[in-house]
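Below you'll find the structure, written out as structure tokens, and then a few comments.
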Amino acid sequence: MSAPVDYRQRGQAVWLDSISSKMIHSGWLSSLIDAGSIYGVTSNPTIFGQAIVKNEGDYNAGIERLARGGKDAFAIYDALTQKDIGEGADAFRALNDRNPVDGWISLEVLPSLAHDTEKTVAEAKRLAGTLARPNVFIKVPATPACIPAIRRLIGEGISINVTLMFNRKHYKDVANAYIDGLSDFAARGGDLSRVHSVASFFVSRVDTLVDKRLDALALNASGPEKARLEGLRGKAGIANSKVVYEDFLAVFAGERFLALRGRGARVQRPLWASTGTKNPAYSDLLYVENLVGPDTVNTMPEKTLEALLDHGRTPDDTVNEGVPAARRTLDDLRALGIDVEAVGEELQRDGVVLFEKSYVELLQAIETRRVDALKTTQGVME
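Residue 1246 is where the sequence shown starts when you use the numbering used here, and the numbers rise one by one after that.
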């Protein structure tokens, strides 16, 4: 594996949006780290579900052992995911020791808690406490109920990865909650330099929904109007992300943060998520090569990382390029009745539902294997 073309030198860290027991124990994760191909990993219930259902690694043995120990489906899920995250964090530890902004791995609070502030705080603190590693992010969604949770967790010195962000309002709410949390932590005498955070902003899903609406409008259009509608396809996700990066630059150049930075506070880096290209008509690196810039992270699925390592080019700071054009794209979409801010609200609601569905399905799969393991045990005893 080779290192991504000069992305690190341009201030962007490439992360992998995937984790499994097999990836860790086969040595593949370590090989990516050693080659400088990745600087972190993200996970979510869907990723764990795919690995466990496919029985990658030693999950069956783990499920059987835990089932025989009297664990229910949630306790098994909790043990398996924490084992993977803990071992992944250990694989990254040397990298993190050399540079504390690198070598991070994330574990998400239960999707079912996305609308409950108190339970999200409690679960995030539990996970941070049991994992007890300096390079683990606890993932918390940017739902209205969790914005105050973000402030409280940062205020207690817990490093978090804020997820499910799709529009400028989500971003600004999260950035302000982060700075508020830092202020709270500073007031308690906390060491601001040890608090880290990333703001996971989703990209390709915006295009998926906006393109669908453009296609619906194009069905009743012809000539130049049809061409104009088609010309806007595949533009919203990157345009949305570029204006959010502008917001990032403004927020973290503001007086409130600069006062904290003087005491060791770190910026909350934008993390571009959902960067695998879903439409085969678009470049496989569309959401990678157009969002490179300082203080950013791009977490990508394995297929996209392979494409980057195979034929990625060395870009300029593309996230800062064409910002006026990005704003015009969003204005053009709004004039057509497609408000990307409203799209973002819909995508966040859908995202919570989808992650919760993945989690429920995963628990059901674990429960089936748990019951089978106990039946097997009972048969042996008889």
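The beta-carbon is built from N, C-alpha and C at its ideal position, and this holds for glycine as well.
Check                                                                                                                      : Outcome
Helix, strand or coil at Phe1446 according to DSSP, with G and I counted as helix                                          : strand
Own chain partners of Leu1392 with C-beta closer than 8 angstroms, once the 5 adjacent residues on each side are dropped   : Note on identity: in this sequence residue 1392 is Ile, with Leu being the wrong assignment. Here the set comprises Asp1418, Val1419, Ala1422.
Whole-angstrom C-beta distance between Arg1514 and Thr1541, which should lie under 8 angstroms                             : 6 angstroms
Test item: CB-CB of Ile1611 and Ile1297 under 8 angstroms                                                                  : yes
Exposure of Ala1336, with buried meaning 16 or more beta-carbon neighbours within 10 Å                                     : buried
Residues near Tyr1322 in its chain [Cβ-Cβ closer than 7 angstroms; skip 5 each side]                                       : Leu1607, Leu1608, Ile1611
Where the alpha helix (DSSP H) through Glu1363 begins and ends                                                             : 1362 to 1376
Sequence-distant residues of the same chain with beta carbon closer than 8 angstroms to Tyr1509, five excluded per side    : The question names Tyr, but residue 1509 in the sequence shown is Gly. Counting only Cβ-Cβ distances below 8 angstroms, and skipping sequence neighbours, we find Asp1436, Leu1437, Ser1438.
Coarse secondary structure for Val1512, derived from DSSP in three states                                                  : coil
C-alpha gap between Lys1487 and Leu1536, whole angstroms                                                                   : 7 angstroms
Beta-carbon gap between Ile1405 and Phe1430 smaller than 8 angstroms                                                       : no
Segment contact flag, the region 1580 to 1587 with the region 1270 to 1278, C-beta cutoff 8 angstroms, min 3 pairs         : no
Run of the beta strand (DSSP E) containing Lys1384, from where it starts to where it stops                                 : 1381 to 1386
Own chain, CB closer than 7 angstroms to Gly1482, minus 5 neighbours either side, in chain order                           : Val1448, Ser1449, Val1451, Asp1452, Tyr1532
Range of the contiguous alpha helix (DSSP H) that encloses Thr1549                                                         : 1547 to 1556
For Glu1491, the three-state DSSP class (helix, strand or coil)                                                            : helix
Nearest-angstrom beta carbon gap, Thr1408 and Lys1384 [assumed within contact, 8 angstroms]                                : 5 angstroms
Cβ-Cβ distance between Ala1587 and Ala1484 below 8 angstroms                                                               : no
Runs of alpha helix (DSSP H) lying entirely within the region 1275 to 1340, each at least 4 residues, in chain order       : 1290 to 1298, 1304 to 1313
Short Cβ contact (8 angstroms threshold) for Leu1516 with Ile1424                                                          : no
Ser1428 versus Ala1394: straight-line alpha-carbon distance, rounded                                                       : 15 angstroms
Whole-angstrom C-beta distance between Glu1368 and Val1354, which should lie under 8 angstroms                             : 5 angstroms
Minimum C-alpha distance to Glu1237 - residue among Leu1477, Leu1503, Ala1472, Arg1413                                     : In this structure the chain extends from 1246 to 1627, so residue 1237 is not present and cannot be described.
Lys1480, buried or exposed, once every other Cβ within 10 Å from all chains shown has been counted against 16              : buried
Spatial neighbours of Asp1529 in its chain, beta-carbon cut-off 6 angstroms, leaving aside the 5 residues before and after : Thr1522, Ala1552
Residues bridged to Val1407 [DSSP beta-bridge criterion]                                                                   : Val1385, Ala1444
Span separating the alpha-carbon of Ala1258 from that of Phe1502                                                           : 22 angstroms
Proximity winner among Asp1617, Leu1599, Ala1618, relative to Asn1289 (alpha-carbon distances)                             : Leu1599
Ile1395, enclosing alpha helix (DSSP H) - first and last residue                                                           : 1392 to 1400
Where Val1259 falls: helix, strand or coil (DSSP)                                                                          : strand
Coarse secondary structure for Val1542, derived from DSSP in three states                                                  : strand
Paired residues, beta bridge with Ser1351 - DSSP                                                                           : Phe1382
Three-way DSSP call (helix, strand, coil) for Ala1518 in this model                                                        : strand
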